[in-house]
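**Student:**
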Amino acid sequence: MSSDQTKLADAQSTQEARMGSGADDRFNSKLREAFGSTPFILTKFDKFMNWVRGSSMFMLQFGIACCSIEMIHTYAIKHDLDRFGAGVPRASPRQADVIIVPGTIVSKFAPRMKRVYDQMPEPKFVVSMGSCTVSGGPFQEGYNVVKGAEEVIPCDIHVPGCPPRPEALIYGVAKLQERIAEGESSPVTVKPYELEQFGDLEQDELVQKLADQIDEEDLVMRYNWGDSP
Amino acid sequence: MSLEKRTPVVDDVGVTEDGVDYDALADLLGDSIIDREHHVNAEGFVIRPDDVQSVLRTLKDEAGFDHCSCVTAQDYDDRYESIYHLKKYRDPTQEVSVVVPTPKDDPRHQTGSDVYETANWHEREAYDLVGIEYDDHPDQRRILLPETWQGHPLSQDFNQDQPQVVSLREHANPLQDDKQSPDDPDTMFINIGPHHPATHGVLHVKTVLDGEQIVDIDPDIGYLHRCEEQMCQQGTYRHQIMPYPDRWDYISAGILNEWAYARAAEDLADIEVPEYAQVIRTMSAEMCRIASHSLALATFALDVFGDFTAVFQYGIRDREIAQDLLEDLTGQRLMFNYLRLGGVAWDLPEPREEYFEKIRDFLDDLPEKLAEYHDLVTGNEIFQMRCVDTGILTPEKVKDYGATGPVARGSGVDYDLRRDDPYGYYDELDWDVVTEDGCDNFSRVLVRLRELEESARIIEQCVDLLEEWPEDDRTIQANVPRTLKPDPDREIYRAVEGAKGELGIYIRSDGTDKPARFKIRSPCFSNLQSLAEMSEGEYIPDMIASLGSLDIVLGEVDR
Chain A
1 MSSDQTKLAD
11 AQSTQEARMG
21 SGADDRFNSK
31 LREAFGSTPF
41 ILTKFDKFMN
51 WVRGSSMFML
61 QFGIACCSIE
71 MIHTYAIKHD
81 LDRFGAGVPR
91 ASPRQADVII
101 VPGTIVSKFA
111 PRMKRVYDQM
121 PEPKFVVSMG
131 SCTVSGGPFQ
141 EGYNVVKGAE
151 EVIPCDIHVP
161 GCPPRPEALI
171 YGVAKLQERI
181 AEGESSPVTV
191 KPYELEQFGD
201 LEQDELVQKL
211 ADQIDEEDLV
221 MRYNWGDSP
Chain B
230 MSLEKRTPVV
240 DDVGVTEDGV
250 DYDALADLLG
260 DSIIDREHHV
270 NAEGFVIRPD
280 DVQSVLRTLK
290 DEAGFDHCSC
300 VTAQDYDDRY
310 ESIYHLKKYR
320 DPTQEVSVVV
330 PTPKDDPRHQ
340 TGSDVYETAN
350 WHEREAYDLV
360 GIEYDDHPDQ
370 RRILLPETWQ
380 GHPLSQDFNQ
390 DQPQVVSLRE
400 HANPLQDDKQ
410 SPDDPDTMFI
420 NIGPHHPATH
430 GVLHVKTVLD
440 GEQIVDIDPD
450 IGYLHRCEEQ
460 MCQQGTYRHQ
470 IMPYPDRWDY
480 ISAGILNEWA
490 YARAAEDLAD
500 IEVPEYAQVI
510 RTMSAEMCRI
520 ASHSLALATF
530 ALDVFGDFTA
540 VFQYGIRDRE
550 IAQDLLEDLT
560 GQRLMFNYLR
570 LGGVAWDLPE
580 PREEYFEKIR
590 DFLDDLPEKL
600 AEYHDLVTGN
610 EIFQMRCVDT
620 GILTPEKVKD
630 YGATGPVARG
640 SGVDYDLRRD
650 DPYGYYDELD
660 WDVVTEDGCD
670 NFSRVLVRLR
680 ELEESARIIE
690 QCVDLLEEWP
700 EDDRTIQANV
710 PRTLKPDPDR
720 EIYRAVEGAK
730 GELGIYIRSD
740 GTDKPARFKI
750 RSPCFSNLQS
760 LAEMSEGEYI
770 PDMIASLGSL
780 DIVLGEVDR
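Protein chains in written order, with the working numbering: chain A, 1 to 229; chain B, 230 to 788.
1. Please decide whether residue 1/A counts as near chain B, where near means a Cβ-Cβ distance under 8 Å.
2. In chain order, what residues of the same chain lie with their CB nearer than 8 Å to the CB of residue 332/B, ignoring the 5 residues before and after it?
3. Can you list the residues of chain A that residue 480/B reaches, using a CB-CB cut of under 8 Å?
4. May I ask you to list, following chain order, the residues of the stretch 450-468 of chain B that have a beta carbon less than 7 Å from some beta carbon of chain D?
5. Can a CB atom of chain A be found closer than 8 Å to the CB of residue 389/B?
6. Select from 351/B, 365/B, 505/B the residue whose C-alpha is nearest the C-alpha of residue 373/B.
7. Please list, in chain order, all residues of the same chain as residue 773/B whose beta carbon is under 7 Å from its beta carbon, the five residues on each side excluded.
8. Exposed or buried, which one is residue 231/B when buried takes at least 16 other CB atoms within 10 Å?
9. Name, in chain order, the residues that DSSP records as bridge partners for residue 192/A.
10. Hey, is residue 61/A's beta-carbon within less than 8 Å of any beta-carbon in chain B?
11. List the residues that DSSP assigns as beta-bridge partners of residue 362/B.
12. Any beta carbon of chain B sitting closer than 8 Å to that of residue 117/A?
13. For residue 64/A, would you say it is in contact with chain B, using Cβ-to-Cβ distances shorter than 8 Å as the test?
14. Residue 504/B: which of 290/B, 573/B, 543/B, 545/B sits nearest, CA to CA?
15. When DSSP builds the beta bridges, which residues end up paired with residue 724/B?
16. Given a limit of 7 Å on CB to CB distance, which residues of the stretch 421-446 of chain B reach chain A?
17. Just checking, does the stretch 100-118 of chain A make contact with the stretch 150-170 of chain A on the three C-beta pairs under 8 Å criterion?
18. If you reduce the DSSP assignment to three classes, tell me which class residue 47/A lands in.
19. Looking at the strands, I want to know which residues DSSP matches up with residue 129/A.
20. Could you list which residues in chain A have their beta carbon closer than 7 Å to that of residue 398/B, in chain order?
21. Which two residues bound the contiguous beta strand (DSSP E) that contains residue 289/B?
22. Touching or not, the stretch 308-324 of chain B and the stretch 243-250 of chain B, by the rule of three or more beta carbon pairs under 8 Å?
23. Could you tell me whether the Cβ of residue 395/B comes closer than 8 Å to any Cβ of chain A?
24. Please identify, using Cβ separations under 7 Å, the residues of the stretch 155-178 of chain A that lie next to chain B, in order along the chain.
25. Where residue 128/A and residue 102/A are concerned, what is the direct C-alpha to C-alpha distance, given to the nearest angstrom?
26. Which residue from 345/B, 268/B, 777/B puts its Cα closest to that of residue 297/B?
27. Within 7 Å: the Cβ of residue 575/B and any heavy atom of the ligand ADP?
28. Can the beta-carbon of residue 653/B be found less than 8 Å from the beta-carbon of residue 559/B?
29. For residue 735/B, which residues in the same chain have their Cβ closer than 6 Å to its Cβ, ignoring the five residues on either side in sequence?
30. Between the stretch 736-747 of chain B and the stretch 451-470 of chain B, do at least 3 Cβ pairs fall closer than 8 Å?
31. Can you confirm whether the stretch 514-534 of chain B touches the stretch 471-484 of chain B when touching is taken to mean that 3 or more C-beta pairs between the two stretches lie within less than 8 Å?
32. From the beta carbon of residue 763/B, is the nearest beta carbon of chain A less than 8 Å away?
33. Which residues bound the alpha helix (DSSP H) around residue 297/B?
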């Protein structure tokens, strides 16, 4: 009897045997325990990568207008977006894979935003935050306001609100993570305002008038306000 | 105590014990005046377009009007018009409007920017949006809209549907030959922004460096120009305009902004606000100020320390509490839309005792938190090295640039509209105007920190008042007609002390239920103009600190 008990106490679990002696408890995660004796999973590489992508998102530190204040609150204490694996704001677009567009986009800023978006490495995702990025919001009738972020860059998730509460933004980000994990991507914009060289624009009265102000090679964005929704 | 009624300044020409004597001013200006107008806030002198400089110079030097608060441009059916709203830093209730009409076919007149530095940007804006040209203006360019924009959107003949082309030119190679000045090939051109974590939004600063020192700096704004004035001109007085002020200074200063509109429109339409509502307004406005200054401090620390963790989070922590209080009151975290013409939207949340308890808890904790800030921030040696004696703005320059708010008070200019041009319930309460004499980045931050204490004092007194307020006398709104149509051709310029400074509104009514002209005088717009003055000859990190200490918010700069 007593020898049996000693045997049990001395016995190592398979897990312990694999870890070897002296391994710190910190390496022994819940996940590891759940796997038990077989610390291997079988999955498709793509699926794994998508899961990883969604679970570790680097956000671009990108503030435009009112919504950016709520976005700051989402990152900061109390709401703490980092809990969801999406809270590392990067100041450079080269290091970011998600851009939250928080605010009204106006004619002067849209080319710059497009440029920042273009500088982000693929795969990249866009959360458009607030009514202004959905449709122009309260400023839709303004002479200078682009009617939604989708006119310029493709958006994956729209979070409506003016401004959306931090909880709403977190929900939007969580939805984006879900979509990424499932490998879904957003449709390309229906009617984008493109950055193109001035020389490539269709020659009309306006372009001819501006010809002495803008070089042929300069990048420009042309707004056809009359056709905006 | 600084709140005592100041003795009227009578040594200037045209000032008597009862205020401004406009006839004396008219005598002073003589033949330059072709007509006189009566605006609700002040008399207006209509002057000849080629006498602008001499008139402004006389008013500034001899009559003591040292504050050019705002320049409003507008397009009538038969003429264009610029209005210079002049005030005195010593006593902002002494006002005068200088009205300059110009013909419809050739809208141009003399610039006022030689007299008041601040008119430079205001006139550029007038040129950009309305289309008046200013002779001898040092820098007649568009300011808010892209340089390739066609037409002037607030003039009557603007076609909003015409296509526009906007170029992306600023990204040229900084080492290109033409970016270097020919006489000094060592200079280098650097773009800071519009997407940059330290510019507090979408500001673009064109900087020319000599070695590491800034020789020339040109803030390029307009990346958030979302047509606020047009939106307000399209809305009806009673309900449709009030949501927009929240979105000018969106750093939670909503109620302060709403109050600017409420004050102007109420004075325009002669609406009396019940006392009870005034107390609630005063209390909630100061909560907004606390929220706004907390974020200003948090982002300033972020700029100077470059640290997203410690001080920044402290600021946000306290802001969250203020926002919760405001949410309980207004139902919104950020865009309150709580004031109404003639009062506020609804009474305090029930149960009242619980709400008062919450506010008192917040106020009780505040001194301890402020001590923490002083330990963390202002007492920090590195912080002091960064901020003391950098970004100097002398009191003369403050007045020249029309800077107001904590920026002016950090340079020792004792100017606070809550005391000097009292509104709301401020003149019944016991509080002090905070000034510091350092004129540097450090003083401006210190002013904000000390203003938090004063705001807390005001809120505390308001809570005391509201607790005692008799239950049968709690009128929250005056009786205002459903469709408000102020009498035609009334003009008013009214300002309140926003979180960033003097936030003024000019409204002209035309007898309909919508304003004919709605002009916003934003404090940040004027304050930002002084950035060049502060940072020339300094290093880029000092410029960033100055920018942080100005506490601009681009929604209000660009409108």
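For each residue, glycine too, the CB sits at the ideal point set by N, CA and C.
**Tutor:** From the atom records:
1. Unreliable positioning characterises residue 1/A in this predicted model, as indicated by a pLDDT of 47, which lies under 50. A coordinate reading is not provided.
2. 308, 309
3. 69
4. The structure shown contains no chain D; its protein chains are A and B.
5. yes
6. 351/B
7. 427, 532
8. Note that residue 231/B scores a pLDDT of 45, beneath 50, so its modelled location is shaky; the value from the coordinates is reported in the next line. It is exposed - the Cβ of residue 231/B has fewer than 16 other Cβ atoms within 10 Å.
9. BP columns for residue 192/A are empty, so no partner.
10. yes
11. 337/B
12. no
13. yes
14. 573/B
15. 733/B
16. 423, 424, 426, 430, 431
17. yes
18. helix
19. 102/A, 159/A
20. 218
21. Here residue 289/B belongs to no beta strand (DSSP E); instead the alpha helix (DSSP H) covers 281-290.
22. yes
23. yes
24. 162, 163, 165
25. 7 Å
26. 345/B
27. No copy of the ligand ADP appears in this structure; indeed no ligand is present at all.
28. no
29. 301, 722, 748
30. yes
31. yes
32. no
33. Run containing residue 297/B: none in the alpha helix (DSSP H); it sits in the beta strand (DSSP E), 296-304.
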